[in-house]
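In my numbering, the protein residues as written are 277 to 525.
The structure appears below as structure tokens.
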Amino acid sequence: MSAPVLHVIACAHGTHDAAGRVVIDGLRADLAALLDAEGPGAQVHEAYVDVQSPSLDEVVAALPPGEPAVIVPLLLSLGHHVHHDIHHAAAARPDTIAAAPLAGAGDDVEPRLVTVLAERVAQAVPAGEAATSEVILAAAGTRAADGQAQVHALAAALARATGLPVTAAFGAAATPPVPDAVSRVRATGRRAVVAAHLLAPGYFHDRLGESGADAVTDPLLPHPLVARIALDRLRSALAEAPRGAAGGR
């Protein structure tokens with residue numbers, strides 16, 4: 277008897293930005309390709325928690341009964357969408373579990389995110405300007421204390437990786453706001469370099485361009501490491517699931 281299909285719900289935030297949709301679609305395709313390389317048995321589904329359709333709840337409700345499913349958040353950090361939307365979607369269906377977001381679910385910093393961010397900063401800071409530059413790690417923002425803590429920990433790790441001063445700021449829901457952080461750096465006479473802690477182009481990345489920074493990095497995508505992080509979050513969720521959940525894989 278063949279093993280049941282594992283339904284992998286690759287759940288992103290959603291965006292009206294066409295370029296942002298392209299790179300998120302690319303991330304989902306990269307994850308599917310990695311799963312295909314490991315052998316048959318996984319089916320990747322598209323889902324969103326906001327803006328786009330199909331919604332996460334719709335996708336979960338439409339899955340065949342009795343077949344295991346894992347929601348893989350294509351989201352960077354802990355926050356409302358992880359704690360509420362994804363948690364409740366997983367709880368609403370038997371045999372369904374949720375993986376951690378790309379940053380993980382604990383205090384440890386994901387080193388591959390540091391690697392990608394450091395690459396983006398290196399592209400935005402010419403060697404001759406490093407000594408006069410300060411980096412502002414700009415996240416979309418969350419009211420969740422654990423999500424804010426993840427961003428601050430990532431900023432500290434990025435400082436160690438780049439040798440540059442790095443502080444955290446947010447586009448919404450948390451302080452300091454990115455424009456305030458930019459103003460603080462520029463008031464010292466240093467170049468303000470905003471490192472976009474965002475997966476894709478869209479509303480928040482557009483706002484970074486209006487922050488008054490001397491330079492703004494590209495989003496994290498496209499980058500092959502991001503899909504590998506998502507795959508590892510999936511593997512960890514399956515390994516840590518209670519026996520019988522998600523098919524007991």
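The C-beta atom is built at its ideal place from N, Cα and C for all residues, glycine as well.
Query                                                                                                                                           : Result
Could you have a look at P402 and say whether DSSP puts it in helix, strand or coil?                                                            : coil
With DSSP run on the structure shown, which of helix, strand or coil describes Q424?                                                            : helix
How far does the alpha helix (DSSP H) with A313 in it extend, from its first residue to its last?                                               : 294 to 313
Quick check on the burial criterion: 16 or more other C-beta atoms within 10 angstroms. Buried or exposed for T372?                             : buried
From R467, P518, L496, A435, pick the residue whose C-alpha is nearest to that of E405; which is it?                                            : R467
Among A318, I300, A414, whose alpha-carbon lies nearest the alpha-carbon of P280?                                                               : A318
In the DSSP assignment, what are the bridge partners of R467?                                                                                   : S409
Quick one: what does DSSP say E322 is sitting in, helix, strand or coil?                                                                        : strand
I'd like the list of long-range same chain contacts for A506, defined as Cβ closer than 6 Å, with 5 residues on each side in sequence excluded. : L307, V348
Just tell me which of V454, V298, V299, D312 has its CA closest to the CA of E486.                                                              : V454
Assign Q426 to buried or exposed, taking buried as 16 or more other Cβ atoms, counted over all protein chains shown, within 10 Å of its Cβ.     : buried
Once the 5 residues before and after I412 are set aside, which same chain residues still bring their CB inside 8 Å of it?                       : V442, T443, A444, A445, V454, A457, V458, V461, A468, V469, V470, A471, A489
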